[in-house]
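Okay, structure first, notes after.
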Amino acid sequence: MLTKEIMGLFALGILWLNGGLVIAAAYKQLRALGRLRRAFVAARERGELISGRVVEADGVFARRHVSQTGRAVTTKGPSRILFTDGPQAFEVRGGIVETADGPITVAPAPIAASEVWPDPARSGEALGCPSEDAFDEAWTDASKFKGHAREIEIPVREGDSVWVHGRREGDTLSPWEGRPLLVSMVDPTAWCAGRARVVSLFIVGAALSLAAVTALTLVPPHFGLVSTIGGGLCLAWFLAIQPLGTAVRDAVKTPARQTLGAEWQRE
Amino acid sequence: MASQAQPARGRATRRGRGDRLLHNVADYRQIGIVATYWAVLAAMYFVPACRNVFFFLFACWLSFLNAVVIHNHLHKGIFKSKRLNRLFRGVLSFGALYPASANIASHNLVHHHFDDDGQPDWAAPDNVDFRWHLLNLIHFPNVVGPNTFNGVSRWARTTRQRDFRRQYGLEQAFAFGLTGVLLVFDFWTALFFVVLPQLWGARGILRINLIQHDGCDVRSEWNHSRNFVGRAFNWVMCNNGYHTIHHNRAGLHWSVLDEVHARECGPRTDPSLNEPSMVLYLLKNFFLRFSRPEDRDVAEAERGQSSELEAREVRRAEAEAEALAS
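Protein chains in written order, with the working numbering: chain A, 255 to 521; chain B, 678 to 1003.
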């Protein structure tokens, strides 16, 4: 006979095992962020992470390229096109960055050895709907099975503030063997620290809330009203922690790996 | 080019016969699985004497099979009546505690594409990366489940299949509504003896994605999947062990997959991807070792072999059309 007590312990075991794994996965992300941040800090000391303003570039200094497919939204409401990301690529074309210590030449890097972290504002500019005509043009294809294909270019241009992380040779930065040359429009060290705070908050919040709902479930009399409310909250916690865990995972992806998406709406 | 596929698809074999109700009489096995599952859940909920280890484990196993039936039914509706197919989706949704129609987007349209179109498979094995592989097996649904529901919700906003959202909503209402009613009337019994089996099946079918594709080469034509070829296993699992041929010819009825697997996969599939037993595979790869098995070039077996397959997009378009029509 499987009594309520046996099944209760079994269910709590499942809850803690899976909750523990979600928290452990977040902790792995936290450690990865810590490693990345330490690498950036060390690189800054070695002069391999520099910051400054792009003063010379042949058109575009660097770019993130994303292929997107737009599909007409078929729910009620105004006409909208929902874009999803396809393949993406990065390219550092190079140029000169003026830093506090003088100009640094950033060598062009092949696509496979480039990585670009645009800032949200620049990405937003590239993703928005430029005009009503553009919407109408896209709408025709977006309403068909294959959808509307578009190529997004998010450029880093002359005049932009950037951080560049690469192999230093004299006054030149270039990609390492097997590691890309990074051009970022956000301070990568600060970005890592900010995201680490988000993950830390999640880990602490998840652990405390798991302990709280478990404690409520174990309030005597077991399986009484308070305990049953605790059981309901345990079930809700189990169902909620999974999407929250993946939301945190997505939030701490580097700006190069962030999904762009986009939604256009006819004015 | 698809000459080998045609006979199996159109052939009136013993296993391919239909009757007034079903396209294929073999599907009575699937209806039997679902009916038995409901009976076991009802027995545990209403009869205290049935709340024992045997019934509980049996319910968990049947719940997994219920999810297998969802998979098969959403590829090819089992009833001749479209209305009955829709009703059956509702019944299946309660058993798995998720709307069965989610499979159209998550499985038929996305998983069968792998990442060919540059968009990730929501259930790709690389969603988990613990060093101890058993933890990956346990944790996999915690990640892939939300990926799937986010993706389905996004897809549902743009689908041109106008009645999808209505059907999806009805399935949600029935699955969550009936489960909610059971919880309200007897919370703990429903939680332990209905919800736990439901979740076991739903999470188990997600884990199958890891089991059947981890260490495989999804870019290849004949080595993208792991097969479990035991006869008894496949009888119970409605031939869902033959995963390579299912991906390559998604329109085939499950009852002929063993024949077509034997005929077509043969030398093109690396022998290591034809496992005799899932239990042994799980023991060997998840329970008796700590590290994740190293990837190897499993696609070597198909190089130099003629493919005789239509292009992937053509095959998928056929399978999608079939799923959406039923």
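Beta carbons are placed, not taken as given, at the ideal position from N, Cα and C, and that holds for glycine.
Computed from a prediction, not measured in an experiment: that's the story for all the values here.
| Query | Result |
| --- | --- |
| What does the Cβ neighbour count give for Ser680/B, buried or exposed, with the cut at 16 atoms within 10 Å? | A caution first: Ser680/B carries a pLDDT of 38, below 50, which makes its placement in the model too unreliable to give a value. |
| On the CB-based measure, 16 or more other CB atoms within 10 Å of its CB, does Pro823/B come out buried or exposed? | buried |
| For the putative contact between Val370/A and Val437/A, defined by C-beta atoms under 8 Å, what is the C-beta separation to the nearest angstrom? | 5 Å |
| Between the Cα of His748/B and the Cα atoms of Cys942/B, Glu898/B, Phe964/B and Ile882/B, which residue gives the shortest distance? | Ile882/B |
| Within a Cβ cutoff of 6 Å, which residues of the same chain sit near Trp809/B, ignoring the five residues on either side of it in sequence? | Phe967 |
| For Arg896/B, which option in Glu979/B, Trp865/B, Leu959/B and Gly857/B has the closest C-alpha, if you only look at C-alpha atoms? | Glu979/B |
| Under the three-state reduction of DSSP, which class applies to Phe967/B: helix, strand or coil? | coil |
| Based on Cα-Cα distance, which residue from Pro797/B, Ala703/B, Gly693/B and Asp696/B lies nearest to Val913/B? | Ala703/B |
| In whole angstroms, what is the alpha-carbon distance linking Glu259/A and Gly420/A? | 59 Å |
| Using a Cβ cut-off of 9 Å, which residues of the region 338–351 of chain A contact any Cβ in chain B, in chain order? | Thr338, Asp339, Gly340, Pro341 and Gln342 |
| Taking Cβ to Cβ, would you say Ile495/A is nearer than 8 Å to Val418/A? | no |
| Work out the CA separation of Leu761/B and Arg376/A for me, nearest whole Å. | 51 Å |
| Against chain B, with Cβ distances strictly below 8 Å, would Pro497/A count as a contact? | yes |
| Can you tell me where the beta strand (DSSP E) holding Glu397/A begins and where it ends? | Correcting the residue identity first, residue 397/A is Ser in this sequence and not Glu. Taken as a continuous stretch (DSSP letters only), Ser397/A belongs to no beta strand (DSSP E), as it is neither H nor E. |
| Closer than 8 Å, CB to CB, is Val730/B near chain A or not? | yes |
| Taking contact to mean at least 3 C-beta pairs separated by less than 8 Å, is the region 868–877 of chain B in contact with the region 724–743 of chain B? | yes |
| One question on the structure: do Gly515/A and Thr323/A come within less than 8 Å of each other, judged by their Cβ atoms? | no |
| If the criterion is Cβ atoms closer than 8 Å, does the pair Thr353/A and Gly306/A meet it? | yes |
| For the beta strand (DSSP E) holding Trp518/A, just list the boundary residues, first then last. | Ala516 to Gln519 |
| Assign Arg945/B to buried or exposed, taking buried as 16 or more other Cβ atoms, counted over all protein chains shown, within 10 Å of its Cβ. | buried |
| Would you mind stating whether Asp935/B and Asn911/B have Cβ atoms separated by less than 8 Å? | yes |
| For Ser481/A, which residues of its own chain have a beta-carbon under 6 Å away from its beta-carbon, when the five flanking residues on both sides are left out? | Thr471 and Val473 |
| What's the C-alpha gap between Val621/B and Leu435/A? | There is simply no residue 621/B to check, as chain B begins at 678 and stops at 1003 in what is shown. |
| Since Arg325/A meets chain B, which of its residues come closer than 8 Å, beta carbon to beta carbon? | Thr835 |
| Tell whether a beta-carbon distance below 8 Å holds between Ser428/A and Ala361/A. | yes |
| Specify, as a first and last residue, the run of the alpha helix (DSSP H) that Trp430/A falls within. | Here Trp430/A belongs to no alpha helix (DSSP H), and DSSP marks it neither H nor E. |
| Against chain A, with Cβ distances strictly below 8 Å, would Asp696/B count as a contact? | no |
| Would DSSP call Ile755/B helix, strand or coil? | coil |
| Identify whether Gly274/A lies in helix, strand or coil by the three-state DSSP scheme. | helix |
| Run through the DSSP bridge pairs and tell me what Asn904/B is partnered with. | Asn951/B |
| By DSSP, does Ser463/A sit in helix, in strand, or in coil? | helix |
| Going by DSSP in three states, Gln681/B sits in which element: helix, strand or coil? | Unreliable placement is indicated for Gln681/B, whose pLDDT of 40 sits below 50; the coordinate value is still reported in the next sentence. Gln681/B: coil per DSSP, three-state reduction. |
| I think Arg926/B touches Arg992/B, with their Cβ atoms under 8 Å apart; what is that distance to the nearest whole Å? | 7 Å |
| Where does the unbroken beta strand (DSSP E) through Gly349/A begin, and where does it stop? | Gly349 to Thr353 |
| From Val933/B to Val502/A, what distance separates their C-alpha atoms? | 44 Å |
| Which residues bound the alpha helix (DSSP H) around Asp935/B? | Leu934 to Val937 |
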